[in-house]
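Trainee: Its first residue numbered 440, the sequence shown is counted upward by one per residue in the working numbering.
For each residue, glycine too, the CB sits at the ideal point set by N, CA and C.
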Amino acid sequence: MKFARFEGTRDAYGATLAKLGHEDPRIVALTADLAGSTKTSLFAKEHPSRFFNMGVAEADMMGVAAGFAMSGFRPFASTFAVFATGKAWEQVRQVIAYPKVPVRIVATHAGLTVGEDGASHQMLEDLTLMRVLPHMTVIVPADAIEAAAVTRFAASHDEGPVYVRLSREKFPIVLDEGYAFELGKSPILAAGTDVSIVACGVMVSAALQARELLGRDGISAEVVNASSVKPLDRETILASAKKTRAVVTAEEHQVAGGLGSAVCELLAEERPTPVVRVGMQDEFGQSGSADVLLAHYGLDAHGLVAAAKRVLAR
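Right, dumping it as structure tokens:
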């Protein structure tokens, strides 16, 4: 499968946030000395009085963002995923999640595809850290179109905190223009009967490629875009598992605690089903180009094909 267009989810976020700033004067943006990398520099250029560079002080940024939210503003706090969820986890827990404050934490540079920056910056545990927090919504857009839609959703979501996970690299566009994001819903991008591939983020495009390769071997794969990691679309995932009776999960993240764990927890309680989880298998990454790293760790179409055949062999 060849994709016609590639775009970065962080680019879509930055452009959308800048537009939203014109529509809603309550929106403020904060960053920890990474405006250019997180693309919040676009917001800063158009709305300088509502942009705050907190310096290399991520914990302080989360506290200030909480204060803004408590004062009636709609804050977006952005930095690299390793800093947003690792360095500032205590502050996120204590002053954002615990009081259920509507701060939008939009983290870029997540996962293996940070690439050459290496293991220290390839955050592979952030979904686990955010998903475990009560009140926290967790979203991983499949492409730039969904990233823009999720940014709009987050801007108007005042029911509690939101964590949005974005990438550094440009990845394939897999959704149609005009796509409408709905929290707690996982669209079926391609129907199938033999195996369900439940994926999020960059792994959605890999799942669509894997589906084509599996089709050549007479295997019909269903592809589910589980961008809403928390809350999970229980109904869609259970129905898909009931139909195919075999599931592969796919995420650019540790298999422990992320999307794969969420799906396994659901199926174990509601519909026991054979599952193979594709992701990082309890190891850190290393420096290298994004595509080479994904292939090396089996987080590409060929890795998903192998996983689908393993689960079907059961």
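With DSSP as the reference, label S625 as helix, strand or coil.
Mentor: Residue mapping note: residue 625 aligns to position 186 of the sequence shown, counting from 1. Coil.
Trainee: When the Cα atoms are used, what is the spatial distance from L738 to G554?
Mentor: Numbered from 1 along the sequence shown, position 299 holds the residue referred to as residue 738. Numbered from 1 along the sequence shown, position 115 holds the residue referred to as residue 554. Near 14 Å, if we compare the C-alpha coordinates of G554 and L738.
Trainee: Find out if the Cβ-Cβ distance for the pair L456, F515 is shorter than 8 Å.
Mentor: As a working mapping, residue 456 is identified with position 17 in the sequence shown. As a working mapping, residue 515 is identified with position 76 in the sequence shown. Going by C-beta atoms, L456 is nearer than 8 Å to F515.
Trainee: For the alpha helix (DSSP H) holding T632, just list the boundary residues, first then last.
Mentor: Counting from 1 along the sequence shown, the entry for residue 632 is found at position 193. Element bounds for T632: n/a, residue is neither H nor E.
Trainee: Between the alpha carbons of R684 and M562, how many angstroms are there, rounded?
Mentor: Position 245 of the sequence shown, counted from the start, is the residue given in the question as residue 684. Position 123 of the sequence shown, counted from the start, is the residue given in the question as residue 562. If you take the alpha carbons of R684 and M562, they lie about 32 Å apart.
Trainee: Determine the direct distance from the alpha carbon of P464 to that of Y602, and round the result to whole angstroms.
Mentor: Residue 602 sits at position 163 when you count from the first residue of the sequence shown. Residue 464 sits at position 25 when you count from the first residue of the sequence shown. Between Y602 and P464, the C-alpha separation is close to 22 Å.
Trainee: Express the C-alpha separation of G460 and F482 in angstroms, rounding to a whole number.
Mentor: Taking the first residue of the sequence shown as 1, we reach residue 482 at position 43. Taking the first residue of the sequence shown as 1, we reach residue 460 at position 21. When rounded, the distance between both Cα atoms is 7 Å.
Trainee: Where does M719 fall in DSSP's three states?
Mentor: By 1-based counting over the sequence shown, the position of residue 719 is 280. When secondary structure is reduced to three states using DSSP, M719 falls in the strand class.
Trainee: In this structure, does DSSP put A644 in helix, strand or coil?
Mentor: Residue numbering aside, residue 644 sits at position 205 when the sequence shown is read from its first letter. Here residue 644 is Ser; the residue named in the question, Ala, does not match the sequence. Three-state DSSP puts S644 in a helix.
Trainee: Once the 5 residues before and after E722 are set aside, which same chain residues still bring their CB inside 7 Å of it?
Mentor: As a position in the sequence shown, residue 722 is number 283, starting the count at 1. Within the same chain, E722 has no close Cβ partners at all.
Trainee: Is it true that the region 649 to 659 meets the region 707 to 715, where meeting means three or more beta-carbon pairs spaced less than 8 Å apart?
Mentor: The answer is no - the region 707 to 715 does not touch the region 649 to 659, with fewer than three Cβ pairs under 8 Å.
Trainee: Spatial neighbours of L473 within its chain, please: C-beta separation below 6 Å, excluding the five flanking residues on both sides.
Mentor: Counted from its first residue, the sequence shown places residue 473 at position 34. So the list reads T518, once near-sequence residues are dropped.
Trainee: Assuming S476 is part of the beta strand (DSSP E), what are its boundary residues?
Mentor: Taking the first residue of the sequence shown as 1, we reach residue 476 at position 37. Where S476 is concerned, there is no enclosing beta strand (DSSP E), although the alpha helix (DSSP H) it sits in stretches over A474 to T477.
Trainee: Pop quiz: L469 and A504 are said to be a contact at Cβ under 8 Å. What is the actual Cβ separation, rounded to whole angstroms?
Mentor: Taking the sequence shown and counting its residues from 1, the one referred to as residue 469 is at position 30. Taking the sequence shown and counting its residues from 1, the one referred to as residue 504 is at position 65. That belief holds up - the Cβ atoms of L469 and A504 are roughly 5 Å apart, short of 8 Å.
Trainee: Taking only runs that begin and end inside the region 574 to 611, name each unbroken alpha helix (DSSP H) of 4 or more residues, in chain order.
Mentor: Complete alpha helix (DSSP H) runs here, min 4: 583 to 595.
Trainee: Would you identify the three-state DSSP class for G742, choosing helix, strand or coil?
Mentor: Taking the sequence shown and counting its residues from 1, the one referred to as residue 742 is at position 303. The answer is helix: DSSP assigns G742 an H, G or I state.
Trainee: Mind checking which residues open and close the alpha helix (DSSP H) that includes S679?
Mentor: One-based indexing of the sequence shown puts residue 679 at position 240. Taken as a continuous stretch (DSSP letters only), the alpha helix (DSSP H) holding S679 covers R673 to T683.
Trainee: Rounded to a whole number of angstroms, what is the C-alpha to C-alpha distance between D633 and V687?
Mentor: By one-based count along the sequence shown, residue 633 stands at place 194. By one-based count along the sequence shown, residue 687 stands at place 248. Taking the straight line joining both Cα atoms gives about 11 Å.
Trainee: According to the Cβ coordinates, are E564 and Q693 closer than 8 Å?
Mentor: Working through the sequence shown from its first residue, we reach residue 564 at position 125. Working through the sequence shown from its first residue, we reach residue 693 at position 254. Going by C-beta atoms, E564 is nearer than 8 Å to Q693.
Trainee: Can you have a look at K539 and say buried or exposed, based on whether 16 or more other CB atoms are within 10 angstroms of its CB?
Mentor: Reading the sequence shown from its first residue, position 100 is the one you call residue 539. By the 10 Å Cβ count, K539 comes out exposed.
Trainee: Q693 bridges to which residues according to DSSP?
Mentor: Along the sequence shown, read from residue 1 onward, the residue named residue 693 stands at position 254. Looking at the DSSP assignment, Q693 forms a beta bridge with M719.
Trainee: In this structure, does DSSP put S488 in helix, strand or coil?
Mentor: Here the question's residue 488 lines up with position 49 in the sequence shown. In this structure, S488 counts as helix in the three-state DSSP scheme.
Trainee: When burial is assigned at 16 or more other CB atoms within 10 Å of the CB, is M440 buried or exposed?
Mentor: Translated into the one-based positions of the sequence shown, residue 440 becomes position 1. Exposed.
Trainee: Which value, in whole angstroms, describes the spacing of the CA atoms of M575 and A649?
Mentor: Within the sequence shown, the letter at position 136 stands for residue 575. Within the sequence shown, the letter at position 210 stands for residue 649. Approximately 31 Å between the Cα atoms of the pair.
Trainee: Where does K669 sit, in a helix, a strand or coil, going by DSSP?
Mentor: One-based indexing of the sequence shown puts residue 669 at position 230. In this structure, K669 counts as strand in the three-state DSSP scheme.
Trainee: Taking the CB atoms as reference points, tell me whether T552 and E691 lie closer together than 8 Å.
Mentor: As a position in the sequence shown, residue 552 is number 113, starting the count at 1. As a position in the sequence shown, residue 691 is number 252, starting the count at 1. It is a contact, given that the beta carbons lie within the stated cut-off.
Trainee: Leaving out five residues on either side along the sequence, give the residues of the same chain with a beta carbon under 6 Å from the beta carbon of V531.
Mentor: As a working mapping, residue 531 is identified with position 92 in the sequence shown. The answer, listed in chain order, is M501.
Trainee: Go ahead and pull the three-state DSSP assignment for V731.
Mentor: Taking the sequence shown and counting its residues from 1, the one referred to as residue 731 is at position 292. The answer is helix: DSSP assigns V731 an H, G or I state.
Trainee: Is the CB-CB distance between V668 and C639 below 8 Å?
Mentor: Your numbering for residue 668 matches position 229 in the sequence shown. Your numbering for residue 639 matches position 200 in the sequence shown. Yes, these two residues count as a Cβ contact at 8 Å.
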